[in-house]
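Residue 1031 in our numbering is what sits at position 305 of the sequence shown, and the numbering runs on without skipping anything.
Built from N, CA and C at the ideal position, the CB exists for glycine as well.
Since the model is a prediction, treat every value here as computed from it, not as a measurement.
What follows is a single structure, written as structure tokens, with notes after it.
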Amino acid sequence: MSDFDSRLSAGLSREALEALWMPFTGNRDFKQNPRMVVAAEGNYYRSADGRQILDGVSGLWCCGAGHNRQEISEAITAQLGRMDYAPGFQFGHPLAFELANRLRQLTPPGLDYLFFSNSGSEAVETALKMARGYWRLKGMPGKTKLIGRAKGYHGVNIGGISVGGIGPNRKLFGTLLDADHLPHTLLPENAFSRGIPEHGVALADQLEELVALHDASNIAAVIVEPVAGSAGVIVPPEGYLRRLREICDKHAILLIFDEVITGFGRTGHAFGADAFGVVPDIMTLAKGLTNGAVPMGATVVREDIYQTFMTHGGPEYMVEFPHGYTYSAHPLACAAGLAALTLFEQDRLAERARDMAPYFESGLHSLRGGPHITDIRNFGLAGALQIAPYPDEPARRPWEIAMRCWERGVYVRYGGDTIQFGPAMTIEKEEIDRLINVVGDSLKVI
């Protein structure tokens, strides 16, 4: 065990770190070897020991316009001076409606009604409840089963991990919701694909097998990420999402796209739905919605879903959808969201990601042949390296690589057996060069 160095903990003692149970963190290691950030600006963090750290993951895929944007800070501050909080149940405030209408103009055609929450996990939970409630109101109460996908990530609430397909996120919690899973699309024959893989569209037909097993009369919805982010940027094969859309239409099953990571420019388009030319029935958003400045999520639905709840709502004063959160459409989050949308449009962030993607792709694939790399995947400004594991320790080597990168002034995300990249859309070519060079050097010393 190394000696504790308070320079790395922003002056906090080892004991002062103990009270906080950190999420998705090896708490024992961190509290002995803290990696603390104390400031952020543009594409960089500043560590507690004064180093500049290039952010290779946009925080956690959420700060696509770069950190600490003045326009967002000023909008939040101005709103805080007017009103800190407003109740969202039976009362409203103007910014919530303004943000909903701004998003309505940006989302794919037909997705016109928004329900606000506080995170991607809550946006997914909302979507799953909407799907099951919708079919009950349509007179088909048996349609309750949910279909996710192996290696899928849909947050950490019970519904999200039920449809999610990452084993370590599920195994500790026992029996979950009634869900089944499509196979993932990570195929050996697609290794080192650049962009959309060629092989595997037939994997979508496994949905027909699940329909045959469970019967469509029991299936409410299918939920997938357009690009699976947390499992390591798994890009769907050519035509795969279109085929899912066709099968869902055929069997009257709702299709949900989890766009918490792929929304707001990551794919080089506003949304993954735009990038792949497939419109779901429900879409979940978060992260880039406020550029990470204030927690916020949103669930977007087509008109028929919204109107079904309205039609069956009883007297007009009654609650049509008994669901919501104390902080739904929080005034500060709405202010941040409006400012972030303005930046998204003014800075042409989706176009910038699309323009920078070939350079990013070239740099990422230049690592092919490097130590421990078994696959490289990319789409837009998202990418991942698949890393050969130590025997019986699949997560150890990616962790070691990420720690080496941190020591060299670059933050990347490690998850499972992958190293993941999702830089801000404001990244420059020389910063991509630095990101790739540091990762390449770190691979050589593991």
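Is it right to say residue i is buried, meaning 16 or more other beta carbons lie within 10 angstroms of its own, or is it exposed?
{"i": "F1105", "result": "buried"}
{"i": "T1010", "result": "buried"}
{"i": "T911", "result": "buried"}
{"i": "K1013", "result": "buried"}
{"i": "V950", "result": "buried"}
{"i": "I887", "result": "buried"}
{"i": "Y1043", "result": "exposed"}
{"i": "M1082", "result": "buried"}
{"i": "M1036", "result": "exposed"}
{"i": "A1181", "result": "No information on residue 1181 is available, as it lies outside the stretch 727 to 1172 that the chain covers here."}
{"i": "Q1146", "result": "buried"}
For the alpha helix (DSSP H) containing residue i, name the first residue and the last one.
{"i": "M856", "result": "G846 to L863"}
{"i": "G885", "result": "I884 to V889"}
{"i": "G785", "result": "S784 to W787"}
{"i": "T1034", "result": "E1029 to T1037"}
{"i": "Q831", "result": "P820 to L832"}
{"i": "M1082", "result": "L1075 to H1091"}
{"i": "I1145", "result": "Looking at the DSSP string, I1145 is not in any alpha helix (DSSP H); the run it does join, the beta strand (DSSP E), is T1144 to F1147."}
{"i": "R920", "result": "Per DSSP, R920 belongs to no alpha helix (DSSP H) and is neither H nor E."}
{"i": "D1000", "result": "G998 to F1002"}
{"i": "G1063", "result": "P1057 to Q1072"}
{"i": "Y1051", "result": "Taken as a continuous stretch (DSSP letters only), Y1051 belongs to no alpha helix (DSSP H), as it is neither H nor E."}
{"i": "E972", "result": "Y966 to K976"}
Secondary structure at residue i, three-state DSSP: helix, strand or coil?
{"i": "V1136", "result": "strand"}
{"i": "M809", "result": "coil"}
{"i": "M866", "result": "coil"}
{"i": "D838", "result": "strand"}
{"i": "R777", "result": "coil"}
{"i": "S735", "result": "helix"}
{"i": "F750", "result": "coil"}
{"i": "D729", "result": "coil"}
{"i": "Y770", "result": "strand"}
{"i": "A946", "result": "strand"}
{"i": "I1158", "result": "helix"}
{"i": "H1098", "result": "coil"}
{"i": "V937", "result": "helix"}
{"i": "N1017", "result": "coil"}
{"i": "K877", "result": "coil"}
{"i": "T1025", "result": "strand"}
{"i": "I1172", "result": "coil"}
{"i": "L913", "result": "coil"}
{"i": "G893", "result": "helix"}
{"i": "R1103", "result": "strand"}
{"i": "G955", "result": "coil"}
{"i": "I1174", "result": "Outside the modelled stretch of the chain, which goes from 727 to 1172, sits residue 1174, for which no answer is possible."}
Excluding sequence positions up to five away, which residues of its chain have a Cβ less than 6 Å from the Cβ of residue i?
{"i": "P835", "result": "none"}
{"i": "D906", "result": "I873 and L936"}
{"i": "R733", "result": "D775"}
{"i": "A853", "result": "I982, I1008, T1010 and T1025"}
{"i": "G1089", "result": "I1158 and I1162"}
{"i": "A812", "result": "H819 and P1057"}
{"i": "W787", "result": "I987, K1013 and G1148"}
{"i": "G989", "result": "F997, L1011 and G1014"}
{"i": "I1153", "result": "N769"}
{"i": "G965", "result": "V927"}
{"i": "T833", "result": "V1026"}
Only counting the same chain, and skipping five residues up and downstream in sequence, which positions put a Cβ closer than 7 Å to that of residue i?
{"i": "G1166", "result": "L1093 and G1096"}
{"i": "A1076", "result": "G991, G994, H995 and A996"}
{"i": "R858", "result": "T870 and A946"}
{"i": "A942", "result": "H977, A978 and I979"}
{"i": "G785", "result": "G1018"}
{"i": "H1038", "result": "L863"}
{"i": "I884", "result": "L902 and L903"}
{"i": "P909", "result": "A876, L929 and Q932"}
{"i": "Q778", "result": "Y770, R772 and G1135"}
Using a Cβ-Cβ cut-off of 8 Å (strictly less than) and excluding sequence neighbours within five positions of residue i, which residues of its own chain qualify?
{"i": "S1054", "result": "G814, F841, F842, S843 and N844"}
{"i": "E797", "result": "A1065, T1068 and L1069"}
{"i": "M809", "result": "H819 and P1057"}
{"i": "E1087", "result": "R920, G921, N1104 and G1109"}
{"i": "R968", "result": "F1002, G1003 and V1004"}
What residue range is occupied by the uninterrupted beta strand (DSSP E) comprising residue i?
{"i": "I1113", "result": "A1108 to I1113"}
{"i": "H684", "result": "No statement about residue 684 is possible, as the shown extent of the chain runs from 727 to 1172 and does not include it."}
{"i": "Q816", "result": "Per DSSP, Q816 belongs to no beta strand (DSSP E) and is neither H nor E."}
{"i": "L981", "result": "L980 to D984"}
{"i": "T1010", "result": "I1008 to L1011"}
Does the Cβ of residue i lie closer than 7 Å to at least one heavy atom of the ligand NAD?
{"i": "V1136", "result": "Among the components of this structure there are no ligands whatsoever, and the ligand NAD is therefore not found."}
Does the count of Cβ pairs from the region 753 to 766 and the region 1113 to 1124 closer than 8 Å reach three? no
Contact between the region 905 to 920 and the region 1022 to 1029 (3+ Cβ pairs under 8 Å): No: fewer than three Cβ pairs fall under 8 Å.
Taking three-plus beta-carbon pairs below 8 Å as touching, is the region 745 to 757 in contact with the region 1105 to 1115? Judged by Cβ distances under 8 Å, the region 745 to 757 makes no contact with the region 1105 to 1115, as fewer than three pairs qualify.
Evaluate contact between the region 1032 to 1051 and the region 787 to 803, counting only Cβ atoms and requiring at least three cross-stretch pairs below 8 Å. Touching, no, given that fewer than three Cβ pairs across the two stretches are closer than 8 Å.
Please confirm if the region 922 to 939 is in contact with the region 889 to 900, defined as three or more CB-CB distances below 8 Å between the two stretches. no
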